[in-house]
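K.L.:
Before I ask anything, let me first share the structure, which is written out below as structure tokens.
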Amino acid sequence: MDEVKALVADIKKGQIKPIYFLMGEEAYYIDKISDFIEDNLLDEAEKGFNQMVLYGRDVTIDDIVSNAKRYPMMAERQVVIVKEAQDLSRTIEKLASYAENPQPTTVLVVNYKYKKIDKRKALYKAINKNGSVVFESKKLYDNQVPDWIRRVLKGQGYDISPKAAQMLVEFLGTDLNKVNNELDKLKIVLPKGTQITPEHIEENIGISKDFNNFELRKAIGERNIVKAHQIAKYFADNPKDNPMVVTVALLFNFFSQLLHLHGMTDKNPRSVASALRVNPYFVNEYLTAARNYPMKKVSAVVTLLREFDVKSKGVGANAVPQGDLLRELLVRIMG
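1 is the number of the first residue of the sequence shown in the UniProt record's numbering; add one for each residue after it.
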């Protein structure tokens, strides 16, 4: 996020580069940078003649270069934006010759989503050599997304509770565009200054605040058998919203963290939060679970979850309903 802010700040100052090659697994920041350039580099009168949007599936590298080499009409510069450029992955290296000597009055923006160019090859070296920008948008890890949500909301005048942020991540995953879309829905109905709570998430997005993977993890950690089976029943009744494969993956991550926790000598909450990369708000849950599950049991559960990961994908358990699988898993974990 800091790199994006710096890049945008440079553009606002007039420090504009001839090529912006935006690549990587996380599409959110690629779209944000490209949209900012599209909306702000030219005024409305200039855009008609001097701004062009191309799509990778419809053009060749030669088409892109031909457009980039045009001179602007009655303007200081022109902007050429190539969206979905990953569709040109087989020929993208042919852009290297243009990158060696880019048109100084053209700003070429290449949106190369979900992939990366080889940094050892000519295109990457040519872009860097001529003072242009190669921006790599990396996918965030699960534990990084709640903090990203808090930072984005803070910048827009909102706050969010740790549990609410965790609910969003566990339900939506790490796709920042998807998460941001749900945040936009919340901002429509909630006034600035609001702290977003689990109740807001439940009412406006439809994620149950009581029956979700976060609460299941907590119930298992506390050895609350009744609560865990209530959640399992809810999951069985709503299988599309609560796929078994996601539940198993989250529990595997949880018990792997418990294994790490058991191996720590310093179990100070701050040290635990740092080592496990979790919000300090949740540390007590991990400490409680570690007391309830000795290291030997945790190790056995990790092995068990590997077995159920395979079963949840239909291997060796094709005829077994997902709800029955989850109930069996709970019995074997907490039994």
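Heads up, the beta-carbon is just placed ideally off N, CA and C, and yes, glycines get one too.
Note that the structure is predicted; figures quoted are calculated from it, not measured.
So for Tyr-71, helix, strand or coil by DSSP?
P.N.:
Three-state DSSP puts Tyr-71 in coil, outside helix and strand.
K.L.:
Within the UniProt domain "DNA polymerase III delta N-terminal" (20 to 134), note down every full beta strand (DSSP E) run reaching 3 residues or more, in order along the chain.
P.N.:
Listed in chain order, they are 51 to 55, 78 to 83, 106 to 113.
K.L.:
Since Thr-105 and Gln-78 are thought to touch, with beta carbons under 8 Å apart, how far apart are those beta carbons, to the nearest angstrom?
P.N.:
That belief holds up - the Cβ atoms of Thr-105 and Gln-78 are roughly 7 Å apart, short of 8 Å.
K.L.:
Less than 8 Å between C-beta atoms, sequence neighbours within five positions excluded: which residues of the same chain meet that for Asn-253?
P.N.:
Closer than 8 Å at the Cβ level, and outside the excluded window around Asn-253, lie Asp-142.
K.L.:
To the nearest angstrom, report how far apart Tyr-20 and Ala-45 are at their CA atoms.
P.N.:
Cα to Cα, Tyr-20 sits roughly 23 Å from Ala-45.
K.L.:
Alpha carbon to alpha carbon, how far is Leu-140 from Lys-12?
P.N.:
For Leu-140 and Lys-12, the distance between alpha carbons rounds to 27 Å.
K.L.:
Starting from Lys-240, trace the alpha helix (DSSP H) in both directions and tell me its first and last residue.
P.N.:
It is not in any alpha helix (DSSP H) - Lys-240 carries neither H nor E in the DSSP assignment.
K.L.:
Below 9 Å between beta carbons: does that hold for Asn-111 and Leu-22?
P.N.:
It is a contact, given that the beta carbons lie within the stated cut-off.
K.L.:
Would you mind stating whether Phe-235 and Gln-166 have Cβ atoms separated by less than 9 Å?
P.N.:
Against a cut-off of 9 Å, the Cβ pair of Gln-166 and Phe-235 comes out as no contact.
K.L.:
Is the segment 151 to 170 close to the segment 196 to 208, with three or more CB pairs under 8 Å?
P.N.:
With the cut-off at 8 Å, the segment 151 to 170 and the segment 196 to 208 touch.
K.L.:
From the DSSP output, read off the bridge partner residues of Gln-195.
P.N.:
Note: Gln-195 sits in a beta bridge opposite Asp-159.
K.L.:
Taking the alpha-carbon positions, what's the Gly-314 to Glu-182 distance?
P.N.:
Cα to Cα, the separation comes out at about 31 Å.
K.L.:
Just to confirm my understanding: we take Phe-214, look at its own chain, exclude 5 residues before and 5 after, and list those with CB closer than 8 Å. What are they?
P.N.:
So the list reads Lys-163, Gln-166, Met-167, Glu-170, once near-sequence residues are dropped.
K.L.:
May I have a chain-ordered list of the alpha helix (DSSP H) segments no shorter than 4 residues that lie completely inside the segment 220 to 254?
P.N.:
The segment 220 to 254 contains these whole alpha helix (DSSP H) runs: 225 to 237.
K.L.:
Nearest to Leu-108 by CA position, among Leu-153, Ile-16, Asn-212, is which residue?
P.N.:
That would be Ile-16, whose Cα lies nearest to the Cα of Leu-108.
K.L.:
Between the segment 121 to 128 and the segment 152 to 159, do at least 3 Cβ pairs fall closer than 8 Å?
P.N.:
No, the segment 121 to 128 is not in contact with the segment 152 to 159.
K.L.:
Are the segment 287 to 300 and the segment 260 to 278 touching, with three or more C-beta to C-beta distances below 8 Å?
P.N.:
Flag = yes, the segment 287 to 300 and the segment 260 to 278 touch.
K.L.:
Pair every Cβ in the segment 323 to 330 with every Cβ in the segment 223 to 239, then say whether three or more of these pairs are closer than 8 Å.
P.N.:
Cβ pair count under 8 Å is three or more, so yes.
K.L.:
Starting from the Cα of Asn-101, find the closest Cα among Lys-113, Tyr-114, Leu-304, Lys-129 and give me that residue.
P.N.:
Minimum Cα distance to Asn-101 is reached at Lys-129.
K.L.:
Looking only at DSSP bridge pairs, what is Glu-285 linked to?
P.N.:
According to DSSP, Glu-285 bridges with nothing at all.
K.L.:
What does the alpha-carbon distance come out to for the pair Tyr-55 and Asn-40?
P.N.:
Distance between the alpha carbons of Tyr-55 and Asn-40: 20 Å.
K.L.:
Along the chain, where does the alpha helix (DSSP H) containing Ser-137 start, and where does it finish?
P.N.:
Where Ser-137 is concerned, there is no enclosing alpha helix (DSSP H), given that its DSSP letter is neither H nor E.
K.L.:
Look up Ala-319 in the DSSP assignment and say whether it is helix, strand or coil.
P.N.:
Three-state DSSP puts Ala-319 in coil, outside helix and strand.
K.L.:
So, are the CB atoms of Ala-99 and Ile-127 less than 9 Å apart?
P.N.:
Result yes, Cβ atoms of Ala-99 and Ile-127 sit closer than 9 Å.
K.L.:
Out of Ile-333, Lys-267, Glu-136, state which residue places its alpha-carbon closest to the alpha-carbon of Lys-296.
P.N.:
Here the closest residue by C-alpha is Ile-333.
K.L.:
Report all residues from its chain with a CB closer than 7 Å to the CB of Pro-269; omit the five preceding and five following residues, and keep chain order.
P.N.:
If we look at Pro-269 and ignore the five residues flanking it on each side, its Cβ neighbours are Pro-280, Val-283.
K.L.:
So, are the CB atoms of Met-73 and Phe-49 less than 9 Å apart?
P.N.:
Yes, they are a contact pair.
K.L.:
Hey, would you say Arg-57 sits closer than 9 Å to Glu-84, going by beta carbons?
P.N.:
The answer is yes: Cβ separation under 9 Å.
K.L.:
State the start and end residues of the unbroken alpha helix (DSSP H) segment that holds Ser-299.
P.N.:
From DSSP, the alpha helix (DSSP H) with Ser-299 extends over 295 to 312.
K.L.:
Restricting to Cα atoms, I'd like to know which of Val-152, Thr-303, Lys-116 is closest to Asp-2.
P.N.:
Checking every option, the nearest Cα to that of Asp-2 belongs to Val-152.
K.L.:
Taking C-alpha atoms, which residue in Val-301, Lys-267, Leu-7 lies nearest to residue 381?
P.N.:
The shown model of the chain, from 1 to 335, leaves out residue 381, and the question about it has no answer.
K.L.:
Could you have a look at Arg-277 and say whether DSSP puts it in helix, strand or coil?
P.N.:
Coil at Arg-277, not helix or strand.
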